[in-house]
Amino acid sequence: MSAAPPISIVAAGSDDTARLQAAIDQASVSGGGRVVLEAGIHFCRGLQLKSGVDLHLAAGAILRPVPDYDAYAHTTVSVIAERSNRGMIVAKNARRISLTGFGRLEAGCDSFIVGDDKTVGTFIPADFRPRVVVFEACDGVEISSIHISRSPMWTLHFVDCTDVAVRGVRIENDHRLPNTDGIVLDACRGAIIEDCLISTADDGICLKTSMGPAGGAIGQCENILVRRCSIQSLSCALKIGTETHGDITNAVFEDCNVSASNRALGVFSRDGGRISNVRFSRIGVECHETLDGFWGSGEALTINVVDRVAARTAGAIENLIVEDITGRMEGAITLISTSCAGIRNIRMARMNLVQQPGQLGTGQFYDLRPTNADLAPRADGDGRANAWTRGSDGRVIGLERYPGGMPAAYVAGVTGIFLEEVLIKRPAPLPQGWNKIDVAVDTATPDGSRAWQN
């Protein structure tokens with residue numbers, strides 16, 4: 001950043017959007033610099049970060065965006081997520097931008113909750129919710145040290161960005177509000193996420209490749225490093241997918257801790273992009289069952305390939321290493337492909353896990369969501385788009401009971417799996433509904449109900 005004197009913004013106690021945006025614009029035009037939000041509460045509508053600018057939240061500063069979707073009509077973004085095309089803080093085609101400091105960003109999720117669906121364990125979100133931060137096609141991005149709380153939707157979303165660093169960020173979201181992902185790297189190249197604390201109802205850290213406005217993949221996601229992060233998630237803590245329109249390759253997750261979570265590690269292929277050269281190393285996991293409104297239930301590791309749309313084959317998952325994993329799970333390890341794309345060349349080494357029964361029994365089903373049925377639930381049906389749909393029998397489509405009961409690990413549609421020092425301690429005697437076989441291998445592709453296919 002430039003050595004120009006910082007621009008200091010004192011809290012005004014009312015909507016201060018114009019003054020904040022003017023300071024950002026001035027710093028950028030001057031060649032770059034720091035805009036400092038001093039201690040106090042700063043209210044604003046949408047802000048657009050510009051090249052060369054560091055938006056800095058000083059200790060004691062609280063940035064409180066207006067909790068109204070219409071307040072972000074001027075900060076729209078290209079990639080639609082969960083029907084949203086708006087962000088609270090956005091940037092596009094910017095260079096050398098940052099969001100730093102020890103202040104707080106309070107995103108006001110309560111105003112975007114319209115009901116409570118206790119049968120599946122989630123709040124019902126509003127149809128339109130803004131993301132907190134969306135940076136598109138930016139280079140040289142840093143977000144560090146800030147505390148973000150109560151996001152109404154995805155918290156940090158990086159789209160088609162290069163040279164991204166997220167360090168020491170703390171994210172705390174409501175544990176019952178869906179789609180509140182912590183950090184999403186979407187078709188990004190060259191990114192590091194380290195020393196972050198994330199607690200959320202949805203994915204903790206997620207790599208994906210979404211579809212762009214023109215209908216094709218935004219791009220590839222590659223050369224990603226995630227390390228020394230602590231995650232609590234009621235979806236999947238460390239995840240690749242499910243949007244996989246472009247390839248994802250060369251991703252490392254290491255020295256992380258996953259606690260009080262639904263799924264710990266997950267790789268999901270749905271849309272044609274190939275996922276390859278992925279490593280999970282030295283990760284502690286604690287996974288528990290959840291109600292069936294949340295995907296999965298207590299798995300330490302889930303890998304699956306499903307053709308989301310029958311006319312488009314999902315991409316293969318290849319060359320995956322999972323090593324030095326310790327902890328507890330109430331579900332099973334699952335590696336399942338229902339697609340001809342398949343799963344190939346998987347190595348699991350030095351895994352020491354305890355499998356224990358949960359209180360709900362939901363861990364006794366393997367989960368192939370999202371499926372075709374979740375794309376557009378019937379208006380007269382029971383379900384919510386991109387979440388869950390119930391069939392005529394009342395069961396959630398995509399949830400299938402393990403054949404023969406729940407094993408320690410279930411493998412189907414996999415070519416080339418190598419196990420080395422994998423120990424899963426199971427209770428004795430086994431609970432009702434558990435499989436006597438520790439590692440159940442299905443040589444035929446499981447078809448379940450086939451209800452999700454066209």
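In the numbering used here, the protein residues as written are 1 to 454. Beta carbons are placed, not taken as given, at the ideal position from N, Cα and C, and that holds for glycine.
Whole-angstrom distance between residue j and residue i, CA atom to CA atom
i      : j      : result
ASP117 : GLY293 : 9 Å
ASN319 : PHE268 : 14 Å
MET1   : LEU47  : Confidence at MET1 is low in this model, with a pLDDT of 45, below 50, so its placement is unreliable and no value can be given for it.
GLY398 : VAL36  : 49 Å
ARG308 : LYS239 : 18 Å
GLY327 : LEU265 : 12 Å
GLY298 : SER151 : 24 Å
LEU430 : ASP438 : 11 Å
PHE102 : MET348 : 39 Å
ILE424 : GLN355 : 7 Å
LEU419 : ARG350 : 9 Å
ARG64  : GLY108 : 8 Å
GLY168 : CYS256 : 13 Å
ASN454 : THR338 : Bear in mind that a pLDDT of 26 at ASN454, under 50, signals an unreliable position, so the number given afterwards is only what the model happens to contain. Taking the straight line joining both Cα atoms gives about 14 Å.
GLY273 : ILE248 : 7 Å
TYR366 : MET153 : 27 Å
SER449 : ARG86  : Note that SER449 has pLDDT 36, beneath the 50 cutoff, so the model's placement of it is unreliable and no number is given.
TRP452 : VAL306 : Because TRP452 sits at a pLDDT of 32, beneath the cut-off of 50, its placement in the model cannot be relied upon, and the following sentence gives the value as read from the coordinates. The straight-line gap from Cα to Cα measures roughly 10 Å.
ASN304 : LEU335 : 6 Å
ALA73  : PRO130 : 10 Å
ASP25  : ILE89  : 14 Å
GLU142 : PRO427 : 46 Å
GLY433 : THR362 : 11 Å
GLU38  : ASP174 : 27 Å
GLY115 : HIS42  : 29 Å
ALA387 : LEU156 : 21 Å
GLU323 : THR302 : 14 Å
THR119 : LEU207 : 30 Å
GLU106 : LEU57  : 12 Å
GLY241 : PRO5   : 43 Å
Neighbour-count burial assignment, residue i, 16 or more Cβ in a 10 Å radius
i      : result
VAL133 : buried
VAL10  : exposed
SER392 : exposed
VAL441 : exposed
VAL29  : exposed
ILE346 : buried
THR122 : buried
ARG34  : buried
GLY404 : exposed
CYS455 : Since the first and last residues shown for the chain are 1 and 454, residue 455 lies out of range.
GLU330 : buried
SER14  : exposed
LEU375 : exposed
LYS436 : exposed
PRO407 : buried
CYS340 : exposed
ASN352 : exposed
GLU421 : exposed
ARG312 : exposed
GLY215 : exposed
PRO125 : buried
GLN364 : buried
beta-carbon residue i near the ligand HEM non-hydrogen atom, thresh 7 Å
i      : result
ALA373 : With respect to the ligand HEM, the structure shown offers nothing to examine, as it has no ligands at all.
Chain-order list of residues whose beta-carbon lies under 6 Å from that of residue i (same chain, five-residue window excluded)
i      : result
CYS236 : ASP203, ARG263 and GLY266
SER210 : VAL79, ASP186, ILE218 and GLU243
ILE198 : ILE171, GLY182, GLY204 and ILE231
VAL258 : ILE231, ALA237, ALA264 and VAL285
VAL278 : ALA251 and LEU320
PHE158 : PHE135, VAL164, LEU185 and CYS188
ILE473 : Lying before the first or after the last residue shown, residue 473 is absent from the chain, which here runs from 1 to 454.
Nonlocal neighbours in the same chain, by C-beta distance under 7 Å from residue i, ignoring five residues either side
i      : result
PHE128 : TYR69, ARG83 and SER84
ILE193 : VAL166, ILE183, ILE205, VAL226 and CYS229
THR290 : GLY121, LEU234, ASN262, SER297 and THR362
Supposed contact pair residue j and residue i - C-beta distance, whole angstroms, cut 8 Å
i      : j      : result
ALA137 : ASP160 : 5 Å
CYS44  : THR17  : 4 Å
ALA22  : GLY40  : Contact doesn't hold; Cβ gap of about 18 Å is too wide.
ALA332 : ALA409 : 6 Å
ARG369 : TRP295 : 5 Å
SER144 : THR200 : So it is not a contact: roughly 19 Å between Cβ atoms.
SER281 : GLU254 : 4 Å
SER51  : ARG95  : 5 Å
VAL53  : ALA12  : Not confirmed; about 20 Å, so no contact.
VAL414 : ILE343 : 5 Å
ALA314 : ARG270 : 5 Å
Close Cβ partners of residue i (< 8 Å) along its chain, the five nearest in sequence each way excluded
i      : result
ALA260 : GLN232, GLU286 and HIS288
Practice prompt. At 3 residues or longer, and completely inside the region 348-407: list those beta strand (DSSP E) runs for me, N to C.
Written response: 365-367 and 399-401
Worksheet item: In chain order, which continuous runs of the alpha helix (DSSP H) of length 4 or greater are located wholly inside the region 23-48?
Response: none
Worksheet item: Whole beta strand (DSSP E) runs in the region 120-198 with 3 or more residues, listed along the chain?
Response: 122-125, 131-136, 139-144, 147-149, 156-159, 162-167, 170-172, 183-186 and 189-194
Item to complete: Ignoring anything shorter than 4 residues or poking outside the region 199-230, list the alpha helix (DSSP H) runs there in chain order.
Response: none
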